[in-house]
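Data first, discussion second: the structure below is written as structure tokens.
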Amino acid sequence: MLPTGGVPFLHEGGALMGAAPKHVWGRSLLKGQCAAADLHQPIAPPRRRLRATMEEYHRHCDECIDGVLGGEDYNQNNINQWTASIVEQSLTHLVKLGKAYKYIVTCAVVQRSAYGFHTASSCFWDTTSDGTCTVRWENRTMNCIVNVFAIAIVL
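First residue of the sequence shown: 1, per UniProt numbering; consecutive thereafter.
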């Protein structure tokens, strides 16, 4: 069920090569909220605290990536294990924070090349209570992108 007051949301990830930002925040496609009153109040923090929460998620995911990929060179045989470990560790840590969110965590690891790596996603959600962060990590042989989507639990 889509929340009232939700707006389409486009999350654009930057290329890993070049000057792409390390932490990419999404932006709303529409300038205003839906005029309908929201009868369900989310138990998630207000937007200003949501940004701090997403920064906390970013920091923890960056630590998970570094713990799994730090010191490693790209090896196609290890990709499934690495991505599963990153996603599971990140999700476990996010759940342990005890915040009132459902989480979606995705991870992509690619061999570093001159061609770069681009990613994008789109969400329809309540921009006042839901959020996303993208963690970009790289070393000399590989690039990694982790996306965390936090959807507020509404009671």
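No residue lacks a Cβ here, since even glycine has one placed at the ideal position from N, Cα and C.
query = DSSP on D113, reduced to helix/strand/coil?
reply = Along the sequence shown, read from residue 1 onward, the residue named residue 113 stands at position 113. One detail in the question is off: residue 113 reads as Ser in this sequence, not Asp. DSSP places S113 in coil when its eight states are reduced to three.
ask   = According to DSSP, what are the bridge partners of T106?
value = Your numbering for residue 106 matches position 106 in the sequence shown. Under the DSSP definition of a beta bridge, T106 partners with N147.
Q89 in three-state terms, based on DSSP = In the sequence shown, the residue the question calls residue 89 occupies position 89. Helix.
query = So, using beta-carbon positions, are V148 and Y57 closer together than 7 Å?
reply = As a working mapping, residue 148 is identified with position 148 in the sequence shown. As a working mapping, residue 57 is identified with position 57 in the sequence shown. It is a contact, given that the beta carbons lie within the stated cut-off.
key: L69, DSSP secondary structure in three states   = As a working note, residue 69 is residue 69 in the sequence shown. L69 falls in the helix class under three-state DSSP.
inquiry  = In the DSSP assignment, the beta strand (DSSP E) including A100 goes from what residue to what residue?
reply    = Taking the sequence shown and counting its residues from 1, the one referred to as residue 100 is at position 100. Run containing A100: none; DSSP gives neither H nor E here.
message = Can you list, in chain order, the residues of its chain with a C-beta nearer than 6 Å to that of S85? Leave out the 5 residues immediately preceding and following it.
response = Position 85 of the sequence shown, counted from the first residue, corresponds to residue 85. Only V68 meet the Cβ criterion.
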